[in-house]
């Protein structure tokens with residue numbers, strides 16, 4: 370069985386420096402903030418409205434969803 374998706378190892382690297390510097394109501398580099406906003410972030414990733422300049426590839430959106438579904442491991 371594969372290791373669970375990890376925020377530090379798998380999710381955080383998906384966010385570019387530009388994404389991390391954008392003003393948000395939450396900090397994309399902070400595990401607790403991303404956990405608190407995970408469903409809203411996923412919704413925007415899935416509909417392509419986040420990031421603002423180009424949508425994530427489907428496999429990255431699926432990885433983020435898997436991280437949520439597996440319990441949002443740090």
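Numbering (this note's numbering), first residue to last: 370 to 443.
Glycine included, C-beta positions come from ideal geometry on N, C-alpha and C.
Just so we're clear, the structure is a prediction, and the values are computed from it rather than from any experiment.
> Does DSSP put residue 393 in a helix, in a strand, or in coil?
Replying inline: coil
>> With the cut-off set at 8 Å, would you say residue 384 and residue 397 are in Cβ contact?
In response: yes
>> Just to confirm before moving on: does the CB-CB distance between residue 373 and residue 442 stay below 8 Å?
In response: yes
> Among residues of its own chain, excluding the 5 on either side of residue 388, which ones have a beta-carbon nearer than 7 Å to its beta-carbon?
Replying inline: 397, 420
>> Assuming the contact rule is C-beta atoms closer than 8 Å, residue 406 and residue 414 should be a hit. Round their C-beta distance to whole Å, please.
In response: That belief does not hold up - the Cβ atoms of residue 406 and residue 414 are roughly 11 Å apart, past 8 Å.
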